[in-house]
Amino acid sequence: MRATRTLAGLQSKEHFLRSRILNRDQKFFDMYSLVIGVLALFALGIYVGVSKLSNMTQGIYTTDTAEYQAAIADRIRPVGQVYLPGEEASAGHPQVAAASPAQPVATVLSGPQVYNEACLMCHGTGIGGAPTLENKESWVPRIAQGNDTLYLHALEGFAGQSGFMPPRGARMDLSDDEVKSAVDYMVGQAGN
Ligand code: HEC
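Numbered according to this note's numbering, the sequence shown spans residues 4 to 195.
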């Protein structure tokens, strides 16, 4: 009986102490929240006040001046500038005259030169059925057609019995006269 009472007494004492501790914690928390809240409000007030003040002073007296804006523009200016043809660089920028590209001298290749450059690879070896200059018999019927036909076949291309002759030997940069002089050279070699 006594022991039970003592236990009950102990329990109620513990409960009392525990609730006191909880009470104190709650009070501390309330105070803490209040202080934090006041500090936050204070900081917000400072921030708003200062930004208002800086808008009223800085904006008008510093950042809007022409010198300040010019200094910013100068700091963030790109390293290089692009001028399209026809656009002139403003005075003060160094002007460089465009170098005129070197033009090759116009030349006319001789018959043998054209032959070496454009015809030899087929007509020297007989590739694709091309009649070689050594094979004189194969040239007899060709030469018999007359120079105009040979010129035409060399210029326009020709597909006959033995293969395909590409127009101008696939060298479209050759002039008519150059191709013709190559034909003359070939006929001269093969016809003798
Ligand atoms: C890709 C090879 C090739 C090249 C390059 C080539 N020829 Fe030919 N050529 C031929 C072949 C193949 C024939 C024969 C076609 C046939 O008779 O079937 C031929 C035939 C000819 C003939 C005879 C045409 C005829 O009527 O019988 C002449 C002329 C001729 N070539 C001139 C030239 C000249 C000039 C060049 C250089 C500018 C040249 N060829 C470059 C392949 C070539």
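Backbone N, C-alpha and C fix where the C-beta goes; we use that ideal spot for every residue, glycine too.
In this structure the region 157–164 does not touch the region 79–87; the number of beta carbon pairs closer than 8 Å is below three.
Taking the CA atoms as reference points, residue 173 sits about 8 Å from residue 121. A Cβ-Cβ separation of about 5 Å places residue 186 in contact with residue 153 under the 8 Å criterion. The three-state reading of DSSP puts residue 175 in coil, since its state is none of H, G, I, E or B.
Taking 7 Å as the cut-off, one finds at least one heavy atom of the ligand HEC near enough to the beta carbon of residue 185. Residue 9 and residue 15 have their C-alpha atoms spaced approximately 10 Å apart. In the DSSP assignment, residue 122 falls outside any alpha helix (DSSP H), carrying neither H nor E. About 12 Å separates the beta carbons of residue 161 and residue 131, which is beyond the 8 Å limit, so they are not a contact pair.
Just so you know, the alpha carbons of residue 183 and residue 106 end up roughly 26 Å apart.
In this structure, the CA atom of residue 135 is about 53 Å from the CA atom of residue 100. A direct Cα-Cα distance of roughly 7 Å separates residue 133 from residue 165.
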